[in-house]
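Chains A, B, C and D supply the protein sequences, listed in that same order. Heads up, the first sequence is in the working numbering, so the first residue is 321 and it goes up one at a time. Heads up, the second sequence is in the working numbering, so the first residue is 321 and it goes up one at a time. Heads up, the third sequence is in the working numbering, so the first residue is 321 and it goes up one at a time. Heads up, the fourth sequence is in the working numbering, so the first residue is 321 and it goes up one at a time.
Number of protein chains: 4
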Amino acid sequence: MKKKFSDKQIHILDVAEKLIARKGFEGTSIRDISSQANINVAMISYYFGSKEKMMSYLYRYRVQKTRESFAEFAEGIKDSKPEVQMKELVKHVVSQLFKYNYFHGFVTQELRHTEHLKDDLLDFYTTFTANIDDVVKKGVASGVFTYAPKAEDLLTIILGSSLFVIRNKNFYEIYLPEKEEDYLKNAERKMLANMLVAVFALLGYKTA
Amino acid sequence: MKKKFSDKQIHILDVAEKLIARKGFEGTSIRDISSQANINVAMISYYFGSKEKMMSYLYRYRVQKTRESFAEFAEGIKDSKPEVQMKELVKHVVSQLFKYNYFHGFVTQELRHTEHLKDDLLDFYTTFTANIDDVVKKGVASGVFTYAPKAEDLLTIILGSSLFVIRNKNFYEIYLPEKEEDYLKNAERKMLANMLVAVFALLGYKTA
Amino acid sequence: MKKKFSDKQIHILDVAEKLIARKGFEGTSIRDISSQANINVAMISYYFGSKEKMMSYLYRYRVQKTRESFAEFAEGIKDSKPEVQMKELVKHVVSQLFKYNYFHGFVTQELRHTEHLKDDLLDFYTTFTANIDDVVKKGVASGVFTYAPKAEDLLTIILGSSLFVIRNKNFYEIYLPEKEEDYLKNAERKMLANMLVAVFALLGYKTA
Amino acid sequence: MKKKFSDKQIHILDVAEKLIARKGFEGTSIRDISSQANINVAMISYYFGSKEKMMSYLYRYRVQKTRESFAEFAEGIKDSKPEVQMKELVKHVVSQLFKYNYFHGFVTQELRHTEHLKDDLLDFYTTFTANIDDVVKKGVASGVFTYAPKAEDLLTIILGSSLFVIRNKNFYEIYLPEKEEDYLKNAERKMLANMLVAVFALLGYKTA
DNA sequence: GATGAATGAGTGTTCATTCAT
DNA sequence: AATGAATGAACACTCATTCAT
């Protein structure tokens with residue numbers, strides 16, 4: 321959290337993130353990263369200690385960014401009505417997932433490289449579910465929501481479904497209107513609609 | 321479909337499947353596999369031609385098994401009422417996912433090793449969604465379901481959420497009643513409940 | 321010399337000879353040989369003991385054949401005049417070299433596989449040079465040859481030049497009239513002419 | 321021509337050259353080379369990219385050296401009489417062949433590793449034959465030579481015979497005066513005499 | 001602070017050979 | 001007599017990392 325990265329380090333992390341998300345951690349060599357980032361092979365060990373440690377920093381870096389982004393978002397909707405808040409929340413989460421799909425693609429893998437990062441990530445998840453819970457409770461209290469599903473269940477559906485769609489192009493593109501265009505863009509649209517319907521159905525949202 | 325495997329080959333595939341699901345394809349060496357399976361390193365190349373080809377056979381083998389299992393299941397419930405069919409279907413899918421989690425864990429990874437297997441898998445998905453569609457339509461026709469969500473949207477939620485839960489132990493176990501016990505068993509129970517509620521909410525199932 | 325080979329063994333040797341001459345001893349695997357010869361991989365070890373021993377047998381087999389062929393040839397010209405004998409001899413040697421180029425291609429490599437074959441080969445060479453010597457002496461005695469070059473020097477030139485041409489297509493084809501046709505055929509013609517001129521020049525042959 | 325090698329690289333090439341000439345390309349493992357050269361196995365790939373590419377560099381390196389050596393030699397005799405030039409030329413070529421016999425031993429093998437080197441080598445051969453042609457023509461013009469054999473035929477005899485002698489110790493040593501001593505040294509002496517006689521016989525040199 | 005050279009460990013694969021049948 | 005299954009050793013090569021500068 322406190323660790324500040326230099327521009328070069330951030331550049332390396334950016335490059336590494338994309339490559340790792342595409343080819344996997346083991347499938348990405350530090351030579352791939354260093355040549356793509358136009359730096360010396362030794363730099364990664366030099367800057368981060370090792371490839372594994374670089375992975376840790378990468379997690380931390382992106383988790384931190386995600387938290388900041390979410391905090392800012394939460395601030396922006398704090399005065400809205402619960403149903404609006406929920407809608408925006410779903411939209412925000414889905415759009416972030418699709419935007420940083422390469423990152424989230426490997427966050428969900430077993431966190432074996434990241435003993436101490438786990439806390440950071442779980443901390444974030446906790447903040448996240450707490451926030452959802454608040455919105456749900458407010459909605460139920462105000463009568464716009466009928467049911468109060470658990471935040472972790474809602475989150476599981478949103479995150480799981482989005483990641484599934486991101487990763488399973490072969491399957492999901494069959495059901496998209498125009499296959500030739502950018503897959504992720506089309507997929508996100510259909511995905512978001514699905515999620516909104518599902519979440520509001522689970523909340524028993526009274527439209528009228 | 322035609323290819324028959326010997327017991328030894330199946331043993332190797334089983335071992336490989338578990339390791340690959342845990343550590344990834346690149347992260348799993350053929351020496352890992354061969355020592356775990358108590359066979360000679362050369363056997364993998366000998367039996368399957370190469371590590372990559374072994375991966376192909378692994379896919380085929382498991383997809384075939386999954387298809388057979390599903391066909392049998394579908395036959396067993398063909399005379400039930402739509403709401404029962406749907407409930408059983410969700411239960412079947414979730415239980416299969418958790419049972420063969422190590423397999424499904426890597427099915428969703430980019431299918432780069434499997435040019436011609438893609439067809440097999442998509443073929444299966446198509447059968448699958450067609451089956452769901454039938455149940456939904458019958459339910460709507462008979463009046464027990466209010467809405468007719470797309471089969472692929474339902475499937476996305478079920479598969480995505482389940483895989484997410486399987487993969488994100490660190491996150492999901494926080495919300496489980498007894499953490500120390502077998503994670504997957506507990507997770508599956510909570511997960512299934514969540515899915516049933518979500519699916520039936522989306523269908524607008526009339527309880528009374 | 322005494323060892324008799326079965327038809328199958330001879331078939332294997334024939335196949336092996338061609339492959340080894342083309343790709344080298346180390347470059348030719350027993351799998352190459354066995355698949356080309358439509359036999360089981362184990363057959364080579366089974367029949368010959370090992371790949372190396374097969375090589376020995378191969379040498380012996382071809383040397384023996386070559387000796388037989390030469391003996392027959394020598395018999396056929398024994399009543400001719402020295403200059404005719406010499407001409408025929410050069411023609412015979414060159415044609416044999418080009419015919420069995422794949423064999424002679426590796427005979428000239430270091431004979432490390434063939435401890436006891438060496439004797440066979442040297443024995444043959446001795447017979448060979450003795451034969452040449454006879455012709456030379458007869459020619460000098462009868463006055464058609466002026467000089468009496470050593471048989472081993474003549475032989476060195478004939479064998480060395482022929483093998484060089486066989487092996488150095490890239491170089492020699494530059495000087496051939498029609499490059500597109502069968503290289504060896506063209507090369508042999510030019511080669512033979514060169515050898516005849518050279519040998520008779522060394523002998524100081526009096527044309528008139 | 322442009323590529324400069326470090327001392328270590330040259331050391332590796334020297335070691336590789338000797339081993340390859342003795343045991344063939346396939347028969348020489350990079351472990352052989354690296355242990356002989358007291359370097360790490362990985363160095364060969366590191367320095368040259370691969371074993372095959374090392375082979376290419378080896379060719380280039382030696383061909384370049386040979387060309388330079390020949391250019392220097394040609395300069396040194398440019399003012400001599402044709403018969404002296406020819407004699408020196410034969411001596412130069414034979415001595416070079418015997419000196420770098422391990423190299424020339426594999427140059428004459430099929431150039432399958434060296435697509436673009438072929439040009440270098442052929443270029444050299446062309447220069448070479450052109451030079452021989454000049455000497456022959458001058459000699460014929462000045463009347464010391466009677467015939468004008470083709471340069472490639474002379475070259476074939478010189479190169480072929482020398483390489484044959486280098487490679488066929490078992491055969492040629494029979495005819496050497498003192499067998500126990502250094503074979504190549506003795507062989508070269510006899511060889512050179514043979515070549516000089518042969519070449520001048522072909523040229524119809526008038527001793528006067 | 002930064003890097004090119006170098007390394008040992010590890011990769012997937014192919015090899016000639018053995019052995020039970 | 002013949003062979004399919006299996007194996008240990010060796011193969012070329014890539015890896016992340018270290019170290020002298």
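Glycine included, each C-beta is placed from N, C-alpha and C at the ideal position. Bear in mind that the values here come from a model prediction, so they are computed numbers and not experimental data.
- The continuous stretches of alpha helix (DSSP H) do not include B/E346, and DSSP gives it neither H nor E.
- Among the residues facing chain D, C/T466 is not included, as its CB has no counterpart in that chain under 8 Å away.
- Taking the Cα of D/L378 as reference, the smallest distance to any Cα among D/T449, D/L474 and D/A341 is reached at D/A341.
- Contact annotation for D/Y525 against chain C: no contact, minimum CB-CB distance about 10 Å [criterion: below 7 Å].
- Within its own chain, the residues whose Cβ lies closer than 6 Å to the Cβ of B/F393, once the five positions on either side in sequence are excluded, are H412, listed in chain order.
- By the Cβ rule, the stretch 475–485 of chain D does not count as touching the stretch 364–375 of chain D, because fewer than three pairs are nearer than 8 Å.
- By the Cβ rule, the stretch 391–408 of chain A does not count as touching the stretch 496–509 of chain A, because fewer than three pairs are nearer than 8 Å.
- Think of a sphere of 7 Å around the beta carbon of A/L483: the chain B residues whose beta carbon falls inside it are G480 and F484, in chain order.
- In summary, D/S355 is exposed, with fewer than 16 beta-carbon neighbours lying within 10 Å of its beta-carbon over all protein chains present.
- With fewer than three CB-CB distances shorter than 8 Å, the stretch 501–521 of chain B does not count as touching the stretch 440–452 of chain B.
- Using a Cβ-Cβ cut-off of 8 Å, B/L409 does not count as an interface residue toward chain A, since no Cβ of chain A sits closer than that to its own.
- Linking D/V464 to D/A521 through their CA atoms gives a straight-line distance of about 12 Å.
- Minimum Cα-Cα distance from C/Q416 among the listed residues C/K324, C/L333 and C/R382 corresponds to C/R382.
- Within a 10 Å sphere around the beta-carbon of A/P469 sit 16 or more other beta-carbons, which makes this residue buried.
- Rounded to the nearest whole angstrom, the C-alpha separation of D/Y467 and D/V410 is 17 Å.
- When DSSP states are grouped into helix, strand and coil, B/D502 belongs to the coil group.
- Nearest CB-CB separation between A/D327 and chain B: not below the 8 Å threshold.
- Residues of chain A whose Cβ lies closer than 7 Å to the Cβ of B/Y445 are, in chain order, F491.
- Annotated three-state conformation of D/G459 is helix, per DSSP.
- Here B/T386 is buried: its Cβ has 16 or more other Cβ atoms, across all protein chains shown, within 10 Å.
- If you look at B/N490, you'll find it in the alpha helix (DSSP H) that goes K489 to Y492.
- Judged by their CB atoms, C/F491 and D/Y445 are nearer to each other than the 8 Å cut-off.
- A/I359 and A/V335 have their C-alpha atoms some 11 Å from each other.
- In the same chain as C/A357, and ignoring 5 residues on each side of it, the C-beta atoms closer than 7 Å to its own belong to H331, I332 and V335, in chain order.
- For D/Q329, the CB contacts under 7 Å within the same chain, skipping 5 residues up- and downstream, are Y367 in chain order.
- Under the 8 Å criterion on CB atoms, B/A336 is classed as non-interfacial with respect to chain A.
- Contact of D/G347 with chain C is assigned, a C-beta pair being separated by under 8 Å.
- Put simply, the backbone Cα of B/E408 is about 34 Å away from that of A/A461.
- Ranked by how close their Cα comes to the Cα of D/K458, the residues D/E372, D/L523, D/I350 and D/F325 have D/L523 in first place.
- The Cβ of D/V517 sits closer than 8 Å to at least one Cβ of chain C.
- Only residues of its own chain outside the window of five on either side were considered, and among them A518 have a CB closer than 7 Å to the CB of A/I477, listed in chain order.
- Using a Cβ-Cβ cut-off of 7 Å, A/A521 is close to A521 and L522 of chain B, given in chain order.
- In terms of CA proximity to B/V456, B/Y525 leads the group B/F418, B/A513, B/Y495 and B/Y525.
- For the stretch 347–378 of chain B, the beta-carbon criterion of a distance under 8 Å to any beta-carbon of chain A is satisfied by G347.
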